[in-house]
Structures are given as structure tokens and as C-alpha cells.
Amino acid sequence: MAVSHTPVEIAKEGEHVIRITWDDGHQGRYATRYLRANCQCAVCVDEWTGERRITLDSVPEDIRALKIAPVGQYGIHIDWSDGHGTGIYAFDVLRKLCPCAGCMATPIAAL
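Under numbering that gives the first Met the number 0, the first residue of the sequence shown is numbered 0, with each subsequent residue one higher.
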């Protein structure tokens, strides 16, 4: 069974980084452009084929999170400076997306 983690703190670090501190003490620092490019909503990922409709290259380099709000007890919603705001970032997806060297070295199935 996969281990589930929840954030204890979510905060902006400047204009282009979102820091998430997890309940196990792990801290992830997510570039806003990276998170925006990994949105899982139906606008960004085709619901039928799973094909990604957005790429990192299509996200403005200066993208910012204007507002971060909780969604139930399972995720967050981010209003982006490019006008996008339909995505929900589930905590389990955010943990799997953690770009730190330790997480990138761990197979996703193990998280």
C-alpha cells in the first residue's frame, strides 16, 4: 500500500517557487513554471487519451501563483498569472512531482 503524506505548510517563496513542508518533515520546492506545466485538469490533459495539451515550453517563464487555496483535505487550487485556474493539485500528485534530488531518485511507485 502506498504511503500517503499531507502538507503541514504550503508557502510561496518569492514570485516563482512554492515550498511544501510535508508531515514526514520532507520539504519540496516547486518552481511555479514546473507546477503549471504539470496541471492535471481537463484543459491541460485530454480526459479520453491522457495526452498532455500543455508543455513546459508553452508556459510563460515569469508565471506566478496569484492565489493558493485548499480543496477539501486532499489538494490545493492555484490561480495562475496566465489566467488558468481550473486545476486541482492533489497532495499525492504533488508529492510524486517533488523535484528534489532525493524524490527524483525514488521510483514513483515507491512513494
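For glycine and all other residues, C-beta sits at the position ideal for the given N, C-alpha and C.
* To do: Determine the direct distance from the alpha carbon of T48 to that of V16, and round the result to whole angstroms.
  => Within the sequence shown, the letter at position 17 stands for residue 16. Within the sequence shown, the letter at position 49 stands for residue 48. If you take the alpha carbons of V16 and T48, they lie about 31 Å apart.
* 7 Å CB neighbourhood of A36 in its chain, flanking five on each side removed -> One-based indexing of the sequence shown puts residue 36 at position 37. Here the set comprises I53, T54, L55 and V58.
* **Own chain, CB closer than 7 Å to G74, minus 5 neighbours either side, in chain order** => Taking the sequence shown and counting its residues from 1, the one referred to as residue 74 is at position 75. I87, Y88, A89 and F90.
* Asked: So which of D81, R32 and D45 has the shortest CA-CA distance to L96?
  -> As a first step, residue 96 is located in the sequence shown; it is residue number 97 there, counting from the start. The shortest Cα separation from L96 among D81, R32 and D45 belongs to R32.
* Write down the C-beta distance between H76 and A64 rounded to the nearest angstrom, noting that I regard them as a contact closer than 8 Å. => In the sequence shown, counting from the first residue as 1, residue 76 sits at position 77. In the sequence shown, counting from the first residue as 1, residue 64 sits at position 65. So it is not a contact: roughly 10 Å between Cβ atoms.
* Asked: Given a threshold of 16 other Cβ atoms within 10 Å of its Cβ, counted over all protein chains shown, does P98 qualify as buried or as exposed?
  -> For the purposes of this step, residue 98 is taken as residue 99 along the sequence shown, with counting starting at 1. Exposed, by the Cβ-count rule.
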